[in-house]
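Undergrad: For what it's worth, my numbering labels the leading residue of the sequence shown as 1, then goes sequentially.
Where is the CB? At the ideal position from N, CA and C, for every residue including glycine.
My questions will all concern the structure given below.
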Amino acid sequence: MPTCDMCGKESDLMKAKIEGTVLEVCEQCRRFGEMIERPAQPVERPVVPKPRYAPAPRRRELIQMVTEDYAKKIRQSREKTGLNQEQFAGRLNEKESVIQKMEAGQFTPSINLARKLERLLKIRLIEEYSEEGEVPIQTEKTKDESFTLGDFVKDKRKKD
Numbered sequence: 001m002p003t004c005d006m007c008g009k010e011s012d013l014m015k016a017k018i019e020g021t022v023l024e025v026c027e028q029c030r031r032f033g034e035m036i037e038r039p040a041q042p043v044e045r046p047v048v049p050k051p052r053y054a055p056a057p058r059r060r061e062l063i064q065m066v067t068e069d070y071a072k073k074i075r076q077s078r079e080k081t082g083l084n085q086e087q088f089a090g091r092l093n094e095k096e097s098v099i100q101k102m103e104a105g106q107f108t109p110s111i112n113l114a115r116k117l118e119r120l121l122k123i124r125l126i127e128e129y130s131e132e133g134e135v136p137i138q139t140e141k142t143k144d145e146s147f148t149l150g151d152f153v154k155d156k157r158k159k160d
């Protein structure tokens, strides 16, 4: 059954113009404005039972992580190319201290920085794992969860 736009009560609704806005309101809230049209007689519709349990659809999710031995790989590849840390930092457009910390294993590069390193050094630093997760299902709002204009007015009065 539909709920009143002002108070949230479940009942037969009618359209009323309240302060310039057309709302669907119950019999009690109708007095705050002028009635536009009466509710139509409800049409009997066949009741379709909702399934009691619907399994959540699953989807595969790819997780990207930087390899455990990234520090060793970065240092060896940099030395193989013949660059010192300062030159290497200049090519990556990163600070030299970031390169030093990465090579010491004190700083794990982000996925974007790891991709830059992979392109420049021609090594693999990112590993991909697949994980199955549940996709959240949207449910209809119940009366307790719906927010009506009446709730808004009450909240506004509390703040004042």
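(1) Terminal residues of the continuous alpha helix (DSSP H) containing Glu79?
(2) Can you list, in chain order, the residues of its chain whose CB lies under 7 Å from that of Leu125, leaving out five sequence neighbours each side?
(3) Which of the three DSSP states is assigned to Ile99 in this structure?
(4) From Glu34 to Thr21, what does the alpha carbon distance come to, in whole angstroms?
(5) Counting beta carbon pairs with one atom in the segment 73-85 and one in the segment 96-116, are three or more of them shorter than 8 Å?
(6) So, with DSSP's three-state summary, where would you put Gly150?
(7) If you reduce the DSSP assignment to three classes, tell me which class Ile63 lands in.
(8) Going by beta carbon distance, what residues of the same chain come within less than 8 Å of Ser110, once the five residues before and after it are set aside?
TA: In this structure, then:
(1) As a position in the sequence shown, residue 79 is number 79, starting the count at 1. Run containing Glu79: 70-81, per the alpha helix (DSSP H) assignment.
(2) In the sequence shown, counting from the first residue as 1, residue 125 sits at position 125. Same-chain partners within the cutoff: Val66, Thr67, Tyr70, Lys73, Ala114, Leu117, Glu118.
(3) Against the sequence shown, residue 99 aligns to sequence position 99. Three-state DSSP puts Ile99 in a helix.
(4) In the sequence shown, residue 34 corresponds to position 34, counting from 1. In the sequence shown, residue 21 corresponds to position 21, counting from 1. Those two C-alpha atoms are separated by around 11 Å.
(5) Inter-segment contact for the segment 96-116 and the segment 73-85 is present: three or more beta-carbon pairs are separated by less than 8 Å.
(6) Residue mapping note: residue 150 aligns to position 150 of the sequence shown, counting from 1. When secondary structure is reduced to three states using DSSP, Gly150 falls in the helix class.
(7) As a first step, residue 63 is located in the sequence shown; it is residue number 63 there, counting from the start. Of the three classes helix, strand and coil, the one that applies to Ile63 here is strand, per DSSP.
(8) Position 110 of the sequence shown, counting from 1, holds the residue named residue 110. No residues qualify anywhere along the chain.
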